[in-house]
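Undergrad:
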Amino acid sequence: MSVPLLFFSYFALATIVLSLIVITRKNYIHAVLWTLLLFVHISGIYLFLNAEFFAMIQMIVYAGAILVMLIFVIMLLNVKHEDHLSDVSSLPIPKAFLVFCVLGVLAFTLQVSYLNSTGKFSIDLVNKISDAKLLGQVFYSEANLPLIIMGVVLFVPMIAAIVLAGKRSDE
Amino acid sequence: MVPLNAYLMLAAAIFSIGLIGFITRRSIIMMLICVELMLNAVNITLISLSHYMQDFMGQIIALLIIANAGAGMATGLALLINAYRLKKTVKIDLFRDLRG
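Which chain is which? The protein sequence lines are A and B, in order. For our numbering, count along the first sequence from 1 and bump the result up by 23. For our numbering, count along the second sequence from 1 and bump the result up by 2.
#1: When DSSP builds the beta bridges, which residues end up paired with B:Lys-93?
#2: Give the interface partners of B:Leu-88 over in chain A, defined as CB-CB distance under 9 Å, in chain order.
#3: Under the three-state reduction of DSSP, which class applies to A:Val-111: helix, strand or coil?
#4: Quick one: what does DSSP say A:Tyr-163 is sitting in, helix, strand or coil?
#5: Using a Cβ-Cβ cut-off of less than 9 Å, give me the residues of the region 137–154 of chain A that come near chain B, in sequence order.
#6: In this structure, does DSSP put A:Ile-39 in helix, strand or coil?
#7: Does chain A have any CB closer than 9 Å to the CB of B:Leu-12?
#8: Can you tell me whether A:Pro-169 is helix, strand or coil according to DSSP?
#9: To be precise: take each residue of the region 157–182 of chain A, compare its Cβ to all Cβ atoms of chain B, and keep it if any distance is under 8 Å. Which residues remain?
#10: With burial defined as no fewer than 16 other Cβ atoms inside 10 Å of the residue's Cβ, what is the status of B:Ile-30: buried or exposed?
#11: Apart from the five residues on each side of it in sequence, which residues of its chain come closer than 7 Å, Cβ to Cβ, to B:Phe-97?
#12: Is it buried or exposed, A:Asp-154, if we count other Cβ atoms within 10 angstroms and call 16 or more buried?
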């Protein structure tokens, strides 16, 4: 077994085990902290794919912003898990079995037998010029419409959060 | 060289685990975490396909998905704060006012 395959096996196994741990935690803070470890491992997987910009973004945006926002809200509301009300819905085993059927369908459909890998951005090019620089060049030339759409997408929830969560002082 | 199918199977597994969590856990916070899990699985799929097809459009879509995840999380948490003020709970089974 070669060394990259060995490292990939570790990251894949750790990702699956950590996501199983995340969805079974009772305490919300524990779940968020395990999610942090999971996101670190996913950013390691991105490094295998020559996408070091996404490894950075995964750490900064997901681990740095989204999880902190989640933990902030959990601590602000002082939510505790209530034992007298079950957190798990009824019939968890049939639902899990149903999702395993979905996994079977996904695994069957996602099998790629042939891939024509002669694109514009070869692995050597990405290694020579960095991933972030190439992504910036693409974003500001041929893919400028997704950039504008991303700006609008990030602008709307700011209004939504202010309107929804902002408490009026006259209440 | 890790084969492409390994990445795709890994992403399918993470997506399925997130889906199991989404439909079996009944608190809004855990459901939001599971949505993030599923979005991460989609990101792994897009970036691995982008790497193996040597095309950058997958990474651009992945960046859009990350922006969307942040937006969805912010809006979802704002809704969660409002819902918690109303009912003093985060269990989604108790939000049944609109059920006939």
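Glycine included, C-beta positions come from ideal geometry on N, C-alpha and C.
TA: For this structure:
#1: DSSP output for B:Lys-93 lists B:Ser-29 as bridge partner(s).
#2: Neighbours of B:Leu-88 on chain A: none; closest Cβ ~12 Å, over 9 Å.
#3: DSSP, reduced to helix, strand and coil, places A:Val-111 within a strand of the structure shown.
#4: Shown here, A:Tyr-163 sits in coil according to DSSP, grouped into three states, outside any helix or strand.
#5: Considering only beta carbons, the part of the region 137–154 of chain A lying closer than 9 Å to chain B consists of Leu-138, Asn-139, Ser-140, Thr-141, Gly-142, Lys-143, Phe-144, Ser-145, Ile-146, Leu-148, Val-149 and Asp-154, in chain order.
#6: It is helical.
#7: Yes, B:Leu-12 lies at the interface with chain A (some Cβ there is under 9 Å from its Cβ).
#8: DSSP places A:Pro-169 within a helical segment (H, G or I) once states are collapsed to three.
#9: Correct list: Leu-157, Leu-158, Val-161, Phe-162, Ala-166, Pro-169, Ile-172, Met-173, Val-176, Leu-177, Val-179, Pro-180 and Met-181.
#10: Around the C-beta of B:Ile-30, 16 or more other C-beta atoms lie within 10 Å, and the residue is accordingly described as buried.
#11: Closer than 7 Å at Cβ, skipping near neighbours: Ala-85 and Lys-89.
#12: Per the 10 Å Cβ criterion, buried.
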